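Before any comments, here is the structure.
Residue numbers (this note's numbering): 132 to 406.
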């Protein structure tokens, strides 16, 4: 049974540098609010496996791209799954938590996703474009992403990368969920400034689009971000479903919206610890 005040290990890399974002500020704010409800300790992701046994739950937040500490993360996952530790987000995620294979799977299944292939023999399945995006299957935060011409694709599409056409989208928009509950949406009106975000009021069909991916992923406890782009035909296409440690851009919210998110996360964590 958890203690009267649940003990939570909060995993974050406060020193991680991200383009256009200050991850540390977000986690400093969140932990300053969560400590009123939990006995909270912070640790670097490389120390999580060694420390997790002393806590009722482990919250993985802005811990940076996993590939920079792949062995330590694998050890953490294995220990958590073997011991039955409560990890938030739950480790059952099928999206970015498991790499980028899901974009291929969803594309193959007919979901509204940017068309995606990974092998040279499948390049014919992509719509013709002047430029293509090539990114590692195990990449994150745009690390390793290249924009190339079609003639370079056959040599690059070797099964280790994803290939997508460059979509001439109007803007990118992100939908944020706690458990299966929608919290807020933000968008980048200028496509060249991905992280210059503003509040976005989603239409019912926008939320239906986002919920389809949340339902597909099946995570019951955790925070997820559905990233999409507004395609030339006016519809939305999935760019990414972040289910490991999504940055939340809380600084782009109004005070009221930020407080509402903290309340939702706190309630979710309490439910999660009680099981």
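Ideal Cβ positions, reconstructed from N, Cα and C, are used throughout, including at glycine. All values derive from a computational prediction rather than experimental measurement.
DSSP-derived helix/strand/coil call for residue 143:
The three-state reading of DSSP puts residue 143 in coil, since its state is none of H, G, I, E or B.
Among 391, 292, 360, 200, the one whose alpha carbon lies nearest that of residue 177
Relative to the Cα of residue 177, the nearest Cα in the group 391, 292, 360, 200 belongs to 200.
Beta-carbon proximity check, residue 296 vs residue 258, cutoff 8 angstroms
yes
Given a cut-off of 8 angstroms on the beta-carbon distance, is the pair residue 384 and residue 337 in contact?
no
May I ask you to report which of helix, strand or coil DSSP gives residue 204?
helix
Given this structure, state the Cα-to-Cα distance separating residue 245 from residue 233, to the nearest angstrom.
12 angstroms
What residue ranges within the region 242–304 form continuous alpha helix (DSSP H) runs of no fewer than 4 residues, ordered along the chain?
284–287
If you draw a straight line from the C-alpha of residue 158 to the C-alpha of residue 181, how long is it?
21 angstroms
Neighbourhood of residue 198 by C-beta, 6 angstroms cutoff - its chain only, sequence neighbours within 5 removed:
269
On the DSSP bridge assignment, give the partners of residue 189 in chain order.
140, 218
Among 188, 225, 196, which residue has its Cα nearest to the Cα of residue 275?
196
Going by DSSP, which residues form a beta bridge with residue 371?
358
Is residue 318 helix, strand or coil by DSSP?
Three-state result, residue 318: strand.
Assess contact between the region 293–313 and the region 321–328, defined as three or more Cβ pairs (one per stretch) separated by less than 8 angstroms. Is contact present?
yes
Opposing strand residues paired with residue 329 [DSSP bridges]
318
Drop a sphere of 10 angstroms on the beta-carbon of residue 239, count the other beta-carbons inside from all chains shown, and report buried for 16 or more, exposed for fewer.
exposed
What are the boundary residues of the alpha helix (DSSP H) that residue 234 is part of?
Its alpha helix (DSSP H) spans residues 232–239.
Below 6 angstroms CB to CB, which residues in the same chain sit around residue 401 once its five sequence neighbours on both sides are set aside?
The answer is none, since no qualifying residue turns up.
Mind listing, in chain order, the continuous beta strand (DSSP E) runs of no fewer than 3 residues lying wholly within the region 150–177?
170–174
Is it buried or exposed for residue 371, if we count other Cβ within 10 angstroms and need 16 for buried?
buried
For residue 278, which of 290, 292, 263 has the nearest alpha-carbon?
263
For residue 305 versus residue 225, is the C-beta spacing smaller than 8 angstroms?
Going by C-beta atoms, residue 305 is not nearer than 8 angstroms to residue 225.
Going along the chain, which residues of its own chain have a beta-carbon closer than 6 angstroms to the beta-carbon of residue 393, five neighbours each way excluded?
Cβ-Cβ distances below 6 angstroms link residue 393 to 164 in the same chain, with the five nearest sequence neighbours on each side left out; the list follows chain order.
Comparing C-alpha positions only, which one of 204, 167, 256 sits nearest to residue 183?
204
Tell me the DSSP secondary structure of residue 364 in three-state form.
Three-state result, residue 364: coil.
Between the CA atoms of residue 374 and residue 132 - distance to the nearest angstrom:
Note that residue 132 scores a pLDDT of 49, beneath 50, so its modelled location is shaky; the value from the coordinates is reported in the next line. Approximately 27 angstroms, taken between the alpha carbons.
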